[in-house]
Every structure is written in C-alpha cells, then in structure tokens.
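Asks: Here the sequence shown stands for residues 1 to 321, where the numbers follow the numbering used here.
Every residue, glycine too, gets a C-beta built ideally from N, C-alpha and C.
On a predicted model such as this, the values are computed, not experimentally measured, just so you know.
Structure provided below as structure tokens; questions to follow.
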Amino acid sequence: MRDSFNRTIDYMRISITDRCNLRCKYCMPQEGIEKVSMSKILTYEEILRICRASVTLGINRFKITGGEPLVRKGCPDLCREIKQIPGVEQVTITTNGQLLKDYMPKLIEAGIDGINISLDSLQEDRYRLITGGGILSETLKGLDAAQESGIRTKVNCLLQKNFNEDELLDFAEMAFGRGIDVRFIEIMPIGFGKPDTGLSNEIVLQRLQAALPQLTLDQSTRGNGPAVYYAIPGKPGSIGLISAMHGRFCESCNRIRLTSQGQIKPCLCYEDSCDLKPALAEQRDERLVETLRDAIGRKPSGHTFEDIKTVERRSMVEIGG
C-alpha cells in the first residue's frame with residue numbers, strides 16, 4: 001500500500017516483548033524499567049492476525065524485535081508461523097545475540113531469512129559496561145552460529161564519542177574479514193539516547209575512507225532499511241551507514257512499527273500511534289485492516305529529531321528496537 005506521500009509501505013517491525021536480558025545504557029537504566037503485565041502484551045495469535053491483515057495491504061516483510069525477542073518463549077515458532085502466511089516474503093530478527101547460539105537450530109527450522117545482531121564493542125570490559133553485564137563471548141558464539149548457518153547475518157553498532165569510537169576499524173575488519181555487513185547507526189534522541197554522545201556517520205565515513213581508500217559505494221540492494229553501503233571491490237562483506245540524524249531518508253521510508261502492546265507507530269520519531277486492541281477485540285478482520293490502513297495514512301512526511309519537543313518520550317525497549 002502507498003501512504004499519503006506516495007511511499008510504498010511493505011515492511012513492519014514487530015516488538016514481541018518489552019523484556020530484555022541486557023541493560024544497554026542508551027536503551028534503559030541499569031535498574032531496568034517497569035515491566036508491562038503479560039496480560040497487556042499481544043498474544044502470538046493476535047500478532048498473527050495483525051500480520052495476515054497487513055499482508056492484504058501489501059506488507060510482506062516482517063522484522064521480529066523486542067526488547068530481546070529470544071527471551072519470549074516460542075519466538076522461533078512465531079517466526080515460522082508468520083513465514084507460512086501466504087504472501088509473506090521475508091521474516092528476519094534482531095537480537096543482542098546472548099541466547100542466539102542455543103536458538104539457532106530452531107530459527108533455521110523456522111526458515112528465518114536474516115539475523116541482525118546488536119554489538120557495540122569487541123572488547124570484553126567495554127561490552128560488559130555498555131550492556132550492563134553482557135558476556136561478549138556469548139554474542140560472538142551466536143554470530144559464529146548464524147554465519148555457519150548460511151543465513152544472511154548483519155551486525156549493528158552504535159559508535160559513541162570517547163567510548164568505542166576507537167573500535168571503528170576493528171568493526172571494519174570484522175566486516176571484510178568475516179564477509180558480513182556491519183552497519184553503524186547514529187544514536188537518536190529516543191528514551192535514553194543522547195545524540196550529542198554519538199559519532200555522526202559523516203565522521204565515520206571520513207575515517208573509513210582515510211584508512212581504506214579502496215572503499216567504494218555499493219549500490220546493490222542489501223536489505224529493507226535505509227542503510228547506505230560501502231564495499232571493497234573483490235572482498236565479501238560491507239559497511240553500512242544508517243544516518244537517522246545526519247542523512248534524512250524519510251522520503252524513502254517503507255516501514256511501520258508494532259509495539260508489544262498493540263500500538264502501530266507510523267513514525268519512530270513521534271508519540272502518535274494507532275491502537276489495534278479495539279479492532280482485535282471485535283474479531284472482525286475488516287476492522288483490523290481499516291485501522292492499519294488509517295495508521296499508514298497518518299505516516300508523516302518526515303521526522304523532526306532536531307526538535308526534541310516533538311520526539312517520542314518512551315524508551316526504545318518499550319517501542320521496539
């Protein structure tokens with residue numbers, strides 16, 4: 001379906017839980033946040049109904065997120081059931097990787113199409129600090145298992161000034177050494193994110209090009225998102241830049257988000273959302289389709305992250321990463 005600005009909306013990010021086994025500093029405080037009662041979280045049956053209704057509107061690609069999606073029991077089964085819906089082209093998942101190694105057999109069986117792993121440091125002490133106690137070796141084991149499966153695997157990294165910016169070339173070496181996509185994402189002013197602490201992708205690209213002069217723009221299609229990719233001719237892997245703050249890509253945005261409590265967010269930036277719970281309660285799929293259509297119609301032309309007064313105040317773990 002096309003929105004009011006003639007953009008094709010074919011991609012939905014689905015948060016299946018607000019729980020997480022890490023406490024990343026830019027996502028939530030060390031003590032965590034107040035957990036939402038499971039009675040308020042969408043059931044898998046409700047999520048599947050929403051996916052079926054979405055497919056009738058042309059949404060055929062789904063990303064499973066959290067919180068940490070693998071902490072919710074049955075996550076791989078949900079991925080399999082979404083994949084089996086007629087018209088669905090792709091189901092992928094974003095994870096912090098801590099549980100990934102153990103879940104890989106079930107994800108492979110489910111037919112998952114891609115795995116994104118959040119990883120902000122390759123140094124054990126730093127990783128433990130930024131994640132509030134995470135174990136780097138467990139995430140790397142998950143990365144190894146994902147790569148060995150042959151499933152398309154990407155690493156997402158947030159670079160921060162005076163913290164992990166000196167690891168930029170280490171991550172570039174990971175990309176080309178492992179033959180995977182490593183994407184650098186600019187920190188957005190959502191929840192506990194502080195953009196002034198993040199490294200802009202303009203600087204990231206300058207430093208990469210200085211160290212790797214053979215780096216060239218890669219215009220091949222490498223995913224559903226707004227990343228701009230760079231590669232080294234003849235080498236597998238690539239570097240992706242997702243420049244939410246300094247490279248507005250709103251004119252090509254193709255996504256909506258579903259929170260774990262049943263709210264459709266047309267745009268990450270704003271608090272505006274459409275509640276699907278009343279439509280789900282009616283047991284009429286026509287009402288569900290119309291509510292989704294209305295949500296897509298309310299998608300704005302672009303974000304205003306530069307104006308902090310307009311920005312969503314909930315944390316990313318509450319919205320869905």
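Can you tell which of Ala244, Asp10, Phe184, Leu57 has its C-alpha closest to the C-alpha of Glu165?
Replies: Residue mapping note: residue 165 aligns to position 165 of the sequence shown, counting from 1. Glu165 has its Cα closest to that of Phe184, out of Ala244, Asp10, Phe184, Leu57.
Asks: Is it true that the CB of Ile135 sits closer than 8 angstroms to the CB of Asp120?
Replies: Translated into the one-based positions of the sequence shown, residue 120 becomes position 120. Translated into the one-based positions of the sequence shown, residue 135 becomes position 135. The answer is no: Cβ separation not under 8 angstroms.
Asks: Here's the rule I'm using: 16 or more other beta-carbon atoms within 10 Å means buried, otherwise exposed. How should Met188 be labelled?
Replies: Here the question's residue 188 lines up with position 188 in the sequence shown. With 16 or more Cβ atoms within 10 Å of its Cβ, Met188 is classed as buried.
Asks: Starting from Gln90, trace the beta strand (DSSP E) in both directions and tell me its first and last residue.
Replies: For this step, residue 90 is matched to residue 90 along the sequence shown. From DSSP, the beta strand (DSSP E) with Gln90 extends over 90-95.
Asks: Measure the beta-carbon distance from Leu288 to Ala53 and round it to whole angstroms, keeping in mind my assumption that it falls under 8 angstroms.
Replies: Locating residue 288 in the sequence shown gives position 288, counting from the first residue. Locating residue 53 in the sequence shown gives position 53, counting from the first residue. At roughly 4 angstroms, the Cβ-Cβ gap stays under 8 angstroms, so Leu288 and Ala53 are in contact.
Asks: List the endpoints of the continuous beta strand (DSSP E) containing Gln263.
Replies: Stepping through the sequence shown from its first residue, residue 263 is reached at position 263. Where Gln263 is concerned, the enclosing beta strand (DSSP E) stretches over 263-265.
Asks: Report the option in Leu276, Cys79, Asn96 whose CA atom is closest to the CA atom of Cys20.
Replies: For this step, residue 20 is matched to residue 20 along the sequence shown. Checked all of Leu276, Cys79, Asn96; the closest Cα to Cys20 is Asn96.
Asks: Can you list the alpha helix (DSSP H) stretches of 4 or more residues lying completely in the region 209-288, in chain order?
Replies: Listed in chain order, they are 277-282.
Asks: Which one or two residues does DSSP pair with Arg61 in a beta bridge?
Replies: Here the question's residue 61 lines up with position 61 in the sequence shown. Answer is Tyr11, Gln90, bridged to Arg61.
Asks: I need the straight-line Cα distance from Leu140 to Ile108, nearest angstrom please.
Replies: Along the sequence shown, one-based indexing puts residue 140 at 140. Along the sequence shown, one-based indexing puts residue 108 at 108. Near 18 angstroms, if we compare the C-alpha coordinates of Ile108 and Leu140.
Asks: If you compare alpha carbons, which of Leu99, Gly132, Gly150, Met38 is closest to Ile112?
Replies: Here residue 112 refers to the residue found at position 112 when the sequence shown is read from its first residue. Checked all of Leu99, Gly132, Gly150, Met38; the closest Cα to Ile112 is Gly150.
Asks: Give the list of continuous beta strand (DSSP E) stretches no shorter than 3 residues that lie fully inside the region 63-140.
Replies: 90-95, 114-118
Asks: So what's Thr43 in DSSP terms, helix, strand or just coil?
Replies: Looking up residue 43 in the sequence shown gives position 43. Thr43: coil per DSSP, three-state reduction.
Asks: Using DSSP with H/G/I as helix, E/B as strand and the rest coil, what is Asn156?
Replies: Translated into positions along the sequence shown, residue 156 becomes position 156. Strand.
Asks: Is Leu100 closer than 8 angstroms to Gly142 when the C-beta atoms are compared?
Replies: For the purposes of this step, residue 142 is taken as the residue at position 142 of the sequence shown. For the purposes of this step, residue 100 is taken as the residue at position 100 of the sequence shown. Yes, Cβ-Cβ distance for Gly142 and Leu100 is below 8 angstroms.
Asks: If Ser252 and Arg7 are in contact, beta carbons under 8 angstroms, what's the gap, nearest whole angstrom?
Replies: Working through the sequence shown from its first residue, we reach residue 252 at position 252. Working through the sequence shown from its first residue, we reach residue 7 at position 7. Between Arg7 and Ser252 the Cβ distance is about 7 angstroms, and since that is below 8 angstroms, they are a contact.
Asks: Taking 8 angstroms as the cut-off, decide whether the C-beta atoms of Ile64 and Ile9 are in contact.
Replies: The residue you call residue 64 lines up with position 64 of the sequence shown. The residue you call residue 9 lines up with position 9 of the sequence shown. It is not a contact, given that the beta carbons lie outside the stated cut-off.
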